[in-house]
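Colleague: The numbering of the sequence shown is UniProt numbering, which starts it at 1 and goes up by one.
Input: one structure, supplied below.
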Amino acid sequence: MTRDQMLAHLRTADAVAREAAAHGHHPFGAVLVGPDNTILMRQGNIDTVHHAETELARRAAIAYEPEFLWQCTLVSTGEPCAMCTGTLYWANIGRLVYGYEEAKLLVLTGNNSKNPTINLPSRTVLGHGQKEIEVHGPFPEIEGELLAPHRTFWQS
């Protein structure tokens with residue numbers, strides 16, 4: 001997957017995040033991209049426990065064989081939390097692309113009880129596993145665009 005393709009998929013995930021926010025859910029979005037660069041699944045955030053990335057990885061693990069998922073990419077607007085990264089790992093998704101670091105989100109959410117972030121980077125979580133999962137991110141050139149929905153959501 002090229003950098004331009006990653007950016008395009010990040011923007012698709014952002015559209016999913018904005019749709020979730022329009023329905024009152026946290027503004028996070030994720031897409032599953034197949035080995036042929038087509039989007040196989042989309043998922044917005046549901047609530048504090050049902051994150052976009054976790055739900056997408058769970059659905060993908062039911063729908064596809066592990067060997068196929070190893071060739072796929074989970075694209076997320078933001079860096080997945082420890083729970084989401086672990087679910088991606090167990091679902092056997094071979095690549096992760098994310099737009100902005102969790103630390104950037106923390107600046108916007110502060111100590112909001114609906115998003116008590118965990119400062120545990122996805123690379124750290126995956127680095128303690130036995131699989132070599134490829135990680136790409138952050139993408140500073142579109143961080144502002146991807147973080148925009150969070151600027152107002154967490155203040156309300």
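All C-beta atoms in this analysis are idealised placements derived from N, C-alpha and C, irrespective of residue type, glycine included.
If you're wondering where the values come from, they're calculated on a predicted model, not measured in any experiment.
Measure the C-alpha to C-alpha separation of T48 and K114 and round it to an integer number of angstroms.
Modeller: Each residue's Cα considered, the two are about 6 Å apart.
Colleague: Could you check which residue in T12, T2, R3 has the C-alpha nearest to that of E146?
Modeller: Residue identity differs from the one stated: residue 146 is Leu in this sequence, not Glu. L146 has its Cα closest to that of T12, out of T12, T2, R3.
Colleague: If you draw a straight line from the alpha carbon of T152 to that of N37, how long is it in whole angstroms?
Modeller: If you take the alpha carbons of T152 and N37, they lie about 32 Å apart.
Colleague: Since M1 and H51 are thought to touch, with beta carbons under 8 Å apart, how far apart are those beta carbons, to the nearest angstrom?
Modeller: Not really, about 23 Å apart at Cβ, beyond 8 Å.
Colleague: How should R3 be labelled, buried or exposed, when 16 other C-beta atoms within 10 angstroms of its C-beta is the threshold for buried?
Modeller: R3 should be labelled exposed.
Colleague: Considering only C-alpha positions, which residue in the set I62, C81, E53 is nearest to T73?
Modeller: Per the Cα distances, E53.
Colleague: Around the Cβ of H150, are there at least 16 other Cβ atoms within 10 angstroms (buried) or fewer (exposed)?
Modeller: With 16 or more Cβ atoms within 10 Å of its Cβ, H150 is classed as buried.
Colleague: Per DSSP, what kind of secondary structure is H136 in: helix, strand or coil?
Modeller: Of the three classes helix, strand and coil, the one that applies to H136 here is strand, per DSSP.
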